Structures are given as C-alpha cells and as structure tokens.
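From first to last, the protein sequence lines are chains S and Z.
Residues 1 to 238, numbered by the UniProt record's numbering, are exactly what the first sequence covers, in order.
Residues 1 to 303, numbered by the UniProt record's numbering, are exactly what the second sequence covers, in order.
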Amino acid sequence: MVPQTIAWITARGLFGRRRFLLLIPLPLLVVGLAVLSRGFGVAPENWAQPVLVGLGLAVVLPVIALIVGTGVLGSEIDDGTIVHILTKPLPRWQIVLPKLVVATAVTTVTVSISLYVAGVLAHSVRLGLGLALAGLVGSLVYSALFLAMSLLTRRPVLLGLVYVLVWEGLLGNFVSGTRVLSVQQYVLTIADKIAPTGLLQSKVSLPVAIIMSAIFAVGFTVLAIDRLRSFSVAGETS
Amino acid sequence: MSDVSLLGVSRWYGNVVAVNDVTMTLRPGVTGLLGPNGAGKTTVLHMMAGFLAPSRGTVTIDGEPTWRNPAVYKRLGLVSEREAVHDFLTAREFLQVSARLHRLPDPEAAAQRALELVEMTGAQDRRIGTYSKGMRQRTRVAGALVHDPQVLLLDEPFNGMDPRQRLHMMELLHRLGTAGRTILFSSHILEEVEQVSGTVQVIVAGRLAASGDYRAIRRLMSNRPHVFAIHSTDDRRLAVALMGQGSVTGVEIDRAGLTVRAGDYGSFTRALPKIALAEGIRVRQLLPSDESLESVFSYLVEA
C-alpha cells in the first residue's frame with residue numbers, strides 16, 4: 001500500500017504542475033520532423049541522425065527526464081511538502097524507489113512513443129523498437145541521476161542542464177574520454193545494437209553501455225536513498 | 001507516555017553557533033518553547049524531529065535517537081513552520097495519504113477522526129489550495145495527529161489563526177497534554193505560551209535561559225523587583241506601613257491605587273497580610289502586575 005500511495009501522490013504532484021506541459025511539445029517535434037522528412041521523400045541517411053540522435057536522444061530524452069526526474073522529488077523539497085512524506089516511519093528506499101518508478105515510467109511513455117514512431121518512419125519497426133527500448137534504459141538512468149541531483153544540490157535543474165548540454169553535448173563531441181560517462185552514448189549504443197541499421201553511430205561498446213548504465217542507475221539510486229536518510233531542514237536563520 | 005531528551009546538544013553552522021549546549025527533558029503535558037526570533041527554537045525543534053543532526057550531544061525519544069531513524073515517527077508528529085501542504089489534494093485525501101503511509105489499519109477512519117479533532121470536516125472535500133491560512137494550519141495539525149502520536153512538536157502553531165481558531169487549538173493542545181501526550185510548541189508570543197502551558201523552556205541566543213514553571217522562574221529571579229497593584233480601604237496608610245518593610249523597594253500612589261515594588265517575592269507576599277491586619281486595613285485587590293510571561297522573558301533577555 002505504501003509504494004502505491006507514494007507513487008500516487010508523486011504522479012498527482014507531477015501532473016498538477018504547470019511545467020509538466022513542457023513535456024508535450026518536444027516529443028511532438030521529433031514525430032513532426034520525422035513525418036515531414038518522410039513526407040517530402042528525404043533519404044533517411046540525411047535526416048535520421050539529426051532527428052533521432054541530435055534531437056531525440058541528445059535533447060528530448062534528457063530534457064524530459066530532467067523535468068520529470070527533478071519534479072518527482074525536487075519540487076517537494078523546494079516547496080517543503082517533502083516533510084509530510086518524511087515524517088512517516090518508512091525506510092527511505094520506500095520513498096525513493098516509487099518516485100524513481102514514476103519518473104522512469106512518465107519519461108519512457110513520453111519519449112519512447114515518439115522515438116518509436118520516428119524510428120519506424122526512418123527505417124523499420126526494429127529500429128523503432130530499438131530506440132524505444134533504449135529510451136526506457138535512458139529514462140531509468142537519467143531519472144536516477146536527476147533524482148539524486150535533487151538531493152545533492154539546491155539547483156538540480158541547472159546542474160542537470162550543465163551535464164546534458166556541456167558534458168554530453170559539448171565535451172562528448174570533442175573529448176572522446178567523456179563518452180564513457182555519458183548516458184546519451186549508452187542509449188545510442190543500445191539502440192544501435194538492437195537495430196544495426198547504420199543510421200546511428202555508436203561510440204562505446206555494448207558491454208560498457210550496459211555495465212555503466214547499471215552502475216549509474218544503481219549507484220545514484222543508492223546515493224539518493226542515503227541522502228534522503230540524512231535529509232536536513234535548515235533552521236530559520238533570521 | 002514518552003519523554004524527549006536533549007543531552008548537551010549543540011548545533012553550529014560553520015562558525016555560527018545556533019544552539020549551544022542545551023540539556024532538557026520534555027515530559028507528558030504541554031511545554032512551551034519560548035524565545036525571540038532567531039534564538040534557535042526551530043533548530044531545536046528540527047533536531048527533536050530528526051530533521052537536523054546535532055553537531056554535539058544526543059537527541060532521543062524514549063532513549064532512541066531521532067536522527068536517521070524514521071521509526072521514531074510512529075511516536076512523533078511534527079507540524080513545521082513552513083506552510084507547505086500538497087495543495088492539489090483535499091484535506092481528506094491528504095489525511096488518508098498520511099494514514100496510509102503510517103500503515104494504519106483503517107486509514108479512512110483515522111483520517112476522519114483527525115479531521116474531527118481539528119474541526120475540519122466541513123471543508124474536507126475542498127482542495128487544500130483553496131483554504132485560508134488557519135485552515136491549512138489545522139489540516140497540517142490533523143496530518144501530524146492522524147496516527148495519534150505520543151509526542152507532538154509544533155513550530156509556531158498559532159501563526160495565521162484567528163482568535164477563535166487559536167482558542168480551539170489551545171484547547172486541543174491542552175486536551176492532548178492532559179491525556180498524557182508530550183506536546184512541545186514554539187512561540188515568540190508570550191500570551192500564547194502563558195495560556196497553553198505553565199511549563200516553559202526559554203531559549204535566548206541558542207542557550208537554554210530558563211526551564212520549568214514560568215511563575216517559579218519569575219520568583220527565582222529575586223534580584224529583579226516584582227510589581228504589585230494593590231487596592232485597599234486606605235491606600236495612603238498602607239503605603240506608609242509598607243515603606244517600613246525591608247522587602248519593599250518603592251511605592252507609588254495614584255487614583256487607581258498602589259503600585260508596590262518588592263525586591264523579594266516571598267517575604268513581601270508573607271508580610272503584606274500581617275501589615276494589613278496590624279493596621280486594620282482591608283486589602284481588596286492584590287495583583288502581581290508583571291507576572292506575565294512578557295516580563296519574565298524580557299528579564300531573561302536582558303540578563
């Protein structure tokens with residue numbers, strides 16, 4: 001009963017906030033561009049990379065995971081309602097895990113459907129499924145990361161954006177070593193290995209992608225649980 | 001019956017000491033935690049509620065530490081100062097969620113009982129976002145009471161309540177205290193503490209300045225003059241007689257009666273009836289005019 005209750009109140013909070021509306025246009029953009037490209041008969045080699053990877057995996061997935069992942073816990077910390085959840089005799093993993101599940105589910109549903117549609121339009125159902133499945137893995141890993149960030153810093157959205165835009169987006173293109181710590185690269189590799197089409201260029205090996213995804217997901221979840229255990233409310237300093 | 005104990009507790013933030021070597025034990029009944037803004041009341045409450053680690057010392061409820069120990073919330077309820085409640089829920093939903101998270105056997109009944117306790121049944125199906133400040137506060141109190149905790153901690157609980165709600169809340173705290181719950185509420189408003197509880201813990205600048213029954217604390221500070229307003233059948237003659245008393249440090253007389261300053265509470269109150277009897281004066285009224293918590297408090301702050 002406890003996990004469902006936490007999940008229910010988390011989902012209610014998430015969908016009740018206005019910033020949830022931000023989730024809608026981005027996936028639509030991916031599908032829209034794919035439909036247009038296909039409609040105008042552009043060769044998939046010319047649009048698959050920028051739309052599927054450049055927009056879908058590099059922007060839409062992490063940004064939506066960021067909005068949702070920081071929303072499930074970060075918003076409650078911001079407005080102070082987290083105190084109502086924490087003053088219950090619950091081991092902290094029973095709070096973190098349902099929130100992680102909600103974040104992952106919402107991100108996956110939002111992102112993977114559009115990736116699936118765009119993948120089918122670009123090549124085949126197999127590519128669509130590959131992207132959708134990789135999107136699921138990516139949603140889980142990013143959600144764990146951003147959920148933990150909500151407990152590590154007061155500015156999780158800012159820090160998350162720096163990770164996505166600067167680390168993955170910028171450094172990932174120029175400094176090859178950073179790719180080992182890039183969720184985007186894991187997702188790309190997983191999609192590419194499920195559906196080897198030549199449209200996606202993966203840069204890390206599959207074992208690295210799988211092992212690092214697992215380490216990220218488990219590591220940041222454990223970190224989040226531990227940080228929530230020591231959650232402090234600062235006293236009034238006035 | 002539960003006790004909350006602080007033993008040699010200090011809390012600092014960098015170089016700033018917020019709470020300095022505080023030792024206190026809260027027993028069943030209502031205790032007021034009193035102090036000016038910034039004295040460290042909220043820090044003490046947060047440490048008691050397990051939301052802040054003491055830098056030094058131990059904070060326990062019935063011997064169990066509160067920090068990193070969610071099990072204490074079975075016995076503990078907290079009403080924090082921040083008003084935040086899940087606005088998108090109705091009061092009933094909010095309380096049912098609380099009850100479920102406490103794993104209560106019958107969450108609906110527990111929610112209903114808590115709503116009745118704070119008289120919120122009338123608005124229970126409206127969203128909390130539409131409530132007035134006082135209604136939100138009562139909803140939060142109900143949330144902290146849903147599992148019938150042995151210990152209830154409230155940070156500035158009367159803020160934003162109108163006088164009727166305030167009175168009702170005071171009665172509720174009284175009732176819970178009388179029923180054997182350990183209640184601590186913080187306040188910087190003296191009348192509140194005075195009306196709800198006789199026992200106070202006074203915190204000034206992070207230190208425990210006084211502890212116990214506030215009237216007793218007042219009497220202990222015998223070096224401060226105590227002021228009494230006296231009405232009698234012959235104020236002027238009584239004034240003359242009182243001036244002969246060693247314990248009296250000053251007498252003022254005006255149309256309203258006598259204002260007497262006494263250096264020592266005990267000997268003055270013992271001497272007055274004898275003097276009146278000897279002079280054949282009938283004392284109609286004797287009011288310790290500075291017995292309010294306000295004066296206790298300002299003495300402590302000055303000291």
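Just so it is clear, CB atoms sit at the ideal spot from N, CA and C, and this is done for glycine as well.
The structure presented is a predicted model; accordingly, all values stated were derived computationally and were not measured.
Exercise. Measure the CB-CB distance between Z:Leu-208 and Z:Asp-235 and report whether it falls below 8 Å.
Key: Cβ atoms of Z:Leu-208 and Z:Asp-235: not closer than 8 Å.
Quiz prompt | Per-residue contacts from Z:His-226 into chain S (C-beta, under 9 Å) | solution = Ordered by position in chain S, no residue passes the 9 Å Cβ test against Z:His-226, which lies about 33 Å from the chain.
Quiz item: With distances taken from CA atoms, which of S:Leu-57, S:Thr-104, S:Lys-99 is nearest S:Ser-114?
Solution: For the residues S:Leu-57, S:Thr-104, S:Lys-99, the minimum Cα distance to S:Ser-114 belongs to S:Leu-57.
Quiz item: Can you tell which of S:Leu-61, S:Ser-202, S:Glu-76, S:Ala-224 has its C-alpha closest to the C-alpha of S:Ile-9?
Solution: Nearest of S:Leu-61, S:Ser-202, S:Glu-76, S:Ala-224 to S:Ile-9, Cα basis: S:Glu-76.
Practice problem: Tell me whether Z:Arg-56 sits in a helix, a strand or coil according to DSSP, three-state version. | Solution: Strand.
Quiz item: Taking just the CA atoms, how far does S:Ala-103 sit from S:Val-111?
Solution: So the alpha carbons of these two residues sit roughly 12 Å apart.
Practice problem: Take Z:Pro-70 and list the residues in its own chain whose beta-carbon comes closer than 8 Å to its own, dropping the five residues that flank it on each side. | Solution: These residues qualify, in order along the chain: Gly-50.
Exercise. Kindly provide the ranges of any beta strand (DSSP E) runs that are 3 or more residues long and lie completely inside the segment 159–220 of chain Z, ordered along the chain.
Key: Counting whole runs of 3 or more residues, the segment 159–220 of chain Z contains the beta strand (DSSP E) stretches 182–187, 199–204, 207–213.
Practice problem: Measure the C-alpha to C-alpha separation of S:Ala-11 and S:Val-72 and round it to an integer number of angstroms. | Solution: Each residue's alpha carbon lies about 8 Å from the other.
Quiz item: What are the start and end residues of each continuous beta strand (DSSP E) run of 3 or more residues lying completely inside the segment 227–271 of chain Z, in chain order?
Solution: You should have 248–254, 257–262.
Practice problem: Throw me the rounded Cβ distance for the S:Gly-128 and S:Val-187 pair, which I believe falls under 8 Å. | Solution: 15 Å between Cβ atoms; not a contact.
Exercise. Report yes or no: do three or more beta-carbon pairs, one from the segment 81–98 of chain Z and one from the segment 117–132 of chain Z, lie closer than 8 Å?
Key: Yes, they touch.
Exercise. Answer yes or no: the CB of Z:Leu-242 versus the heavy atoms of the ligand MG, is any distance below 7 Å?
Key: Among the components modelled here there is no ligand, and therefore nothing to report on the ligand MG.
Exercise. State yes or no: is the beta carbon of S:Lys-99 nearer than 8 Å to at least one beta carbon in chain Z?
Key: With 8 Å as the cut-off, S:Lys-99 does not count as an interface residue toward chain Z.
Quiz item: In chain Z, which residues lie less than 8 Å from S:Asp-79 when you measure between Cβ atoms?
Solution: The answer, in chain order, is Ala-84.
Quiz item: Does S:Leu-90 get closer than 8 Å to chain Z when you measure Cβ to Cβ?
Solution: Yes, its Cβ sits closer than 8 Å to a Cβ of chain Z.
Quiz item: Per DSSP, Z:Glu-64 forms a beta bridge with which residues?
Solution: Paired residue(s): Z:Ile-61.
Exercise. Figure out for me which residue from S:Val-42, S:Ser-176, S:Gly-80, S:Gly-119 has the closest Cα to the Cα of S:Val-233.
Key: Closest in C-alpha terms to S:Val-233, from the list S:Val-42, S:Ser-176, S:Gly-80, S:Gly-119, comes S:Gly-80.
Quiz item: Buried or exposed: which applies to Z:Gln-201, given that a residue is buried once 16 or more other Cβ atoms fall within 10 Å of its Cβ?
Solution: The residue in question, Z:Gln-201, is buried, as its Cβ has 16 or more Cβ neighbours within 10 Å.
Practice problem: For S:Arg-154, decide whether its Cβ has a neighbour in chain Z, counting only Cβ atoms nearer than 8 Å. | Solution: Not one chain Z Cβ lies under 8 Å of S:Arg-154.
Quiz prompt | Secondary structure of S:Val-175, DSSP reduced to three states | solution = DSSP places S:Val-175 in coil when its eight states are reduced to three.
Quiz item: What does S:Ile-9 touch in chain C if you count any residue whose Cβ is under 8 Å from its own?
Solution: The displayed structure is made up of protein chains S and Z, and chain C is not among them.
Self-check item: Contact with chain Z by S:Thr-70, beta-carbon distance below 8 Å
Solution: No, its Cβ sits nowhere closer than 8 Å to a Cβ of chain Z.
Quiz item: Who does Z:Met-24 pair with in a DSSP beta bridge?
Solution: Z:Leu-6.
Quiz item: Leaving out five residues before and five after S:Phe-216 in sequence, what residues of the same chain have Cβ atoms less than 7 Å from its Cβ?
Solution: Excluding positions up to five away in sequence, the list reads Val-141, Ala-144, Leu-145, Val-183.
Exercise. Using alpha carbons as the reference points, say which of Z:Arg-282, Z:Gln-96, Z:Glu-171, Z:Gly-177 lies closest to Z:Arg-140.
Key: With respect to the C-alpha of Z:Arg-140, the residue from Z:Arg-282, Z:Gln-96, Z:Glu-171, Z:Gly-177 having the closest C-alpha is Z:Gln-96.
Quiz item: Is the beta carbon of Z:Trp-67 less than 8 Å from the beta carbon of Z:Val-79?
Solution: In this structure, Z:Val-79 does not lie closer than 8 Å to Z:Trp-67 by Cβ.
Exercise. Answer yes if the segment 186–193 of chain Z comes into contact with the segment 107–120 of chain Z, meaning at least three C-beta pairs across the two stretches below 8 Å, and no otherwise.
Key: Touching, no.
Exercise. Return helix, strand or coil for Z:Asp-106, following the three-state DSSP convention.
Key: Coil, per DSSP.
Quiz prompt | Proximity below 8 Å, CB of S:Leu-199 to CB of S:Glu-45 | solution = Between S:Leu-199 and S:Glu-45, the C-beta spacing is below 8 Å.
Self-check item: Backbone secondary structure at S:Leu-61 - three-state DSSP
Solution: Three-state result, S:Leu-61: helix.
Quiz item: Do we get a CB-CB distance below 8 Å when we pair Z:Pro-54 with the residues of chain S?
Solution: Answer no: the Cβ-Cβ gap between Z:Pro-54 and chain S never drops below 8 Å.
Quiz item: Rounded to the nearest angstrom, how far is the Cβ of S:Ala-7 from that of S:Leu-121, given a contact under 8 Å?
Solution: Going by Cβ atoms, the distance from S:Ala-7 to S:Leu-121 rounds to 33 Å, so no, they are not a contact pair.
Exercise. Output yes or no for whether 8 Å exceeds the beta carbon distance between Z:Ala-53 and Z:Ile-203.
Key: When the beta-carbon positions are compared, Z:Ala-53 and Z:Ile-203 stay at least 8 Å from each other.
Quiz item: S:Ala-217 by DSSP, collapsed to three states: which one?
Solution: In the structure shown, S:Ala-217 falls within a helical segment according to DSSP collapsed to helix, strand and coil.
Quiz item: Whose Cβ in chain S lies nearer than 8 Å to the Cβ of Z:Leu-101?
Solution: What Z:Leu-101 touches in chain S: Val-2, Thr-5, Ile-6, Ile-85, Lys-88, Leu-90.
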